[in-house]
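Participant: In the numbering used here, the protein residues as written are 190 to 945.
The beta carbon of each residue, even a glycine, is placed where N, CA and C say it ideally should be.
Predicted model only: the values in this text are computed from it and were never measured.
Here you go, one structure.
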């Protein structure tokens, strides 16, 4: 049901407020919007509001009162959750609008624009009929009428296709009598788009949503907490205005850019998220070139296209002197690349490269700075006369040297300054006769980041090794006196035949001296396969190539007495840009199939469900502490030319059964070509314990005897959980699908350690 308005009547106290209202698209059903423009003439310290809903009678004249709410507006603004019915209306009024957020309410202009009646969530008990909705406001202690607003309309039932919205229906059934009786216990129908923006609108669904959200890849929304603009030049001024600053999904802001002289952009870098400002993404582009060729950088184009639609900035250089703006920028609307983690972030846009020159007078142990200059290097090389002090040195650097002469500065370019004579430099007259220090620094990108690249290196402060002495013997020797050049020599000697190795590598970020550990990266690697094909995992290969260079790493299998020697220096390892500068823990675990196996242990009554169709079954079972042995004898009473097999695997928890795997196949085709991998894992094991048909037809009287079937040795998929299970196997014959075999196997999976 959605409300469709026919008219809106507004009455107001002209001494307190002026209100105008507009209904857009009134002839439509799903696209109606309502706009209110309000001007408050004086400050209001108290305000009451009433919300009443009436059902219109069949005579179209009588009104039947259904529900009324009276709230203190000042208290409600502090805690909107105090009344859920009123909050449904308030949530829609708050979006993309300017309304009071606290008391006292100051005089000024307010507005509620483009509110869609179809987006208001209606209580389930509202009938499909005409309605009148009263929304009245009173001011002061005497509750003086201020605004009376009456909405006339009717509730219309429409489909989701008409609304162009996504609906989510959640239903919880109580199942009894072997699924013969299903009773609906709880049912929810939600507007999915609205619920994602307002999860608190349904507390029951929100409990599930919060749990799923932590384990899912829901889209990330950027939420801006602060914008800091610093201008080092006088020809550009930027001002920022926030709207709905505390809102996560509806936050927006405007930029006003005032350029007082022609502006030539030559170079800028963008730096993204990082703890202690560790760059996750860097981009360096020629802005003038990029404005004419936006497709040259796809990542920047995601943001550039969004901003381009909301600004009047020119599309090419030079940028003339004028006033420009960027309006209604909503961070929640900007798409976020999937590799960006959910974390606090800093994004910087920097339009300059700097040269800083400082002169110090040294006296004994102290130094006193007399002069300092900071210039934009790209602008300075175009006009060296802008700073006379720096030009004294710059003029002596140019002859017979190769120095920066313009921007952007190309990568992999070589510059040099040779045969510089200090005695030829003209010294300003105000510099005293004394010892001195002359310092120059070049900065770009993130503030105070020098041209010489800052590189993070890992240092090992503690290590711990635990081994299974039955399989390997491990020893570690440290060589080096300083932490930045410590080399670790690890010797691994096999004491048992090892045919395959699985390695699990985890990287944890540690905080508060290890009290908090957060897993950042994890990898499962097949050790034997990776040694043969290192390119199968690029991240692990980056470190494997460094270790392999000075190590001895044999291939699988590892015989008794084989040795592996690993020689590595942690400070030589490269550090990916996504890793923050913090304490860390690297955990490497190695497994071999000789250690653990999955075993099936049937419950007390594991008997098959015998059927009196076209087959007869005899079975026997005996168990030992580890091995479960099964003997089965099946005799066909009638022949079959076309058999269908269904195998279903259920995970059981008490009375609940969840279907995990279901497969239907042509049994005759499977005998010839067993192409169903999961069924084939069981089929291959059964063939070793009896005579199986090699094809169809199967003649009457043929017997299939399976003896000493050890369930422990049947290979199981790794994704099966360690829990109780039920396996259902059924077989049909002919086009009429006559059931000839029906069995159910109840049991549970146990993970046991087997010592060979």
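Measuring CA to CA, which of 623, 620, 929 is closest to residue 887?
Facilitator: Nearest of 623, 620, 929 to residue 887, Cα basis: 929.
Participant: State the DSSP-derived secondary structure class of residue 858, mapped to helix, strand or coil.
Facilitator: Reduced to three states, the DSSP call for residue 858 is helix.
Participant: Nearest by alpha-carbon distance to residue 710: which of 694, 360, 666, 725 is it?
Facilitator: Measuring from the Cα of residue 710, the nearest candidate turns out to be 694.
Participant: Can you check the segment 691-767 for any alpha helix (DSSP H) of at least 4 residues that lies completely inside it and give the ranges in chain order?
Facilitator: The qualifying runs are 716-721, 727-738.
Participant: Candidates 850, 756, 859: which alpha carbon is nearest residue 910's?
Facilitator: Out of 850, 756, 859, 850 has the C-alpha closest to the C-alpha of residue 910.
Participant: May I ask which residues mark the beginning and end of the alpha helix (DSSP H) holding residue 277?
Facilitator: From DSSP, the alpha helix (DSSP H) with residue 277 extends over 273-283.
Participant: Can you tell me whether DSSP reads residue 794 as helix, strand or coil?
Facilitator: Because the pLDDT of residue 794 is 35, which lies under 50, any placement of that residue in the model is unreliable, and the question is left without a value.
Participant: Applying the criterion that 16 or more other CB atoms from any shown protein chain within 10 Å of the CB defines a buried residue, is residue 805 buried or exposed?
Facilitator: Low per-residue confidence applies at residue 805: pLDDT is 39, beneath 50, and the placement is therefore not dependable, though the value from the model is reported in the following sentence. Looking at its Cβ environment, which holds fewer than 16 other Cβ atoms inside 10 Å, residue 805 is exposed.
Participant: Below 8 Å between beta carbons: does that hold for residue 232 and residue 296?
Facilitator: Yes, they are a contact pair.
Participant: Alpha carbon to alpha carbon, how far is residue 629 from residue 587?
Facilitator: Approximately 16 Å between the Cα atoms of the pair.
Participant: Identify whether residue 334 lies in helix, strand or coil by the three-state DSSP scheme.
Facilitator: Of the three classes helix, strand and coil, the one that applies to residue 334 here is strand, per DSSP.
Participant: How about residue 367 and residue 239: do their beta carbons lie closer than 8 Å?
Facilitator: Their beta carbons are not under 8 Å apart, which means residue 367 does not touch residue 239 by this criterion.
Participant: For residue 623, does the count of other Cβ atoms within 10 angstroms reach 16, so buried, or fall short, so exposed?
Facilitator: Exposed, since its Cβ has fewer than 16 Cβ neighbours within 10 Å.
Participant: Would you check if the segment 737-751 and the segment 673-692 touch, i.e. whether three or more CB-CB distances between them fall below 8 Å?
Facilitator: At 8 Å Cβ cutoff, the stretches touch.
Participant: Which of helix, strand or coil does DSSP assign to residue 686?
Facilitator: Three-state result, residue 686: coil.
Participant: For residue 229, does the three-state DSSP call read helix, strand or coil?
Facilitator: Three-state DSSP puts residue 229 in a strand.
Participant: With three or more beta-carbon pairs closer than 8 Å as the criterion, would you say the segment 380-399 touches the segment 221-236?
Facilitator: The segment 380-399, when compared against the segment 221-236, does not touch it at the 8 Å Cβ threshold.
Participant: What are the residues that DSSP puts in a beta bridge with residue 774?
Facilitator: Answer by DSSP bridge pairing, in chain order: 697.
Participant: Using three-state DSSP, classify residue 594 as helix, strand or coil.
Facilitator: Coil.
Participant: With distance defined between alpha-carbon atoms, name the residue in 361, 678, 572 nearest to residue 742.
Facilitator: The residue with the shortest Cα to Cα distance from residue 742 is 678.
Participant: For residue 873, name the three-state secondary structure that DSSP assigns.
Facilitator: Helix, per DSSP.
Participant: Does the Cβ of residue 935 have 16 or more other Cβ atoms within 10 Å, making it buried, or fewer, making it exposed?
Facilitator: Buried, because 16 or more other Cβ atoms sit within 10 Å of the Cβ of residue 935.
Participant: For the segment 301-315 against the segment 190-197, are there 3 or more C-beta pairs whose distance is under 8 Å?
Facilitator: Yes, they touch.
Participant: Excluding the five sequence neighbours on either side, which residues of its own chain have a C-beta within less than 6 Å of the C-beta of residue 870, listed in chain order?
Facilitator: Result list for residue 870: 904, in chain order.
Participant: Report yes if the C-beta distance between residue 516 and residue 480 is below 8 Å; otherwise report no.
Facilitator: Not closer than 8 Å, so no.
Participant: DSSP has residue 166 in a bridge; who is on the other side?
Facilitator: No answer is possible for residue 166: the residues shown for the chain start at 190 and end at 945.
Participant: Pairs of beta-carbons, one from the segment 610-627 and one from the segment 571-585, closer than 8 Å: are there three or more?
Facilitator: As far as the Cβ criterion goes, the segment 610-627 touches the segment 571-585, which means the pair count is three or higher.
Participant: My output table needs one value for residue 638: the three-state DSSP class, helix, strand or coil.
Facilitator: Per-residue confidence for residue 638 stands at a pLDDT of 39, beneath the threshold of 50, marking its modelled position as unreliable; the derived number appears in the next sentence. Correct three-state label for residue 638: coil.
Participant: What residue range does the beta strand (DSSP E) around residue 240 cover?
Facilitator: That run of the beta strand (DSSP E) goes 236-245.
Participant: Using a 10 Å radius around the Cβ and a threshold of 16 neighbouring Cβ atoms, would you call residue 328 buried or exposed?
Facilitator: Buried is the call here.
Participant: Which residues bound the beta strand (DSSP E) around residue 511?
Facilitator: That run of the beta strand (DSSP E) goes 511-518.
Participant: Return yes when the Cβ of residue 197 is within less than 8 Å of the Cβ of residue 318, no when it is not.
Facilitator: Not a contact, by the Cβ cut-off of 8 Å.
Participant: Looking only at DSSP bridge pairs, what is residue 192 linked to?
Facilitator: Beta-bridge pairing links residue 192 to 344.
Participant: Got a sec? Which residues, its chain only, sit under 7 Å from residue 708 by beta carbon, not counting five neighbours each side?
Facilitator: Same-chain partners within the cutoff: 695, 697.
Participant: Quick check on this structure: which residue in 872, 394, 908 has the alpha carbon closest to the alpha carbon of residue 940?
Facilitator: Selected option, being the one with the closest Cα: 908.
Participant: If the criterion is Cβ atoms closer than 8 Å, does the pair residue 445 and residue 512 meet it?
Facilitator: Yes, the Cβ-Cβ distance between residue 445 and residue 512 is below 8 Å.
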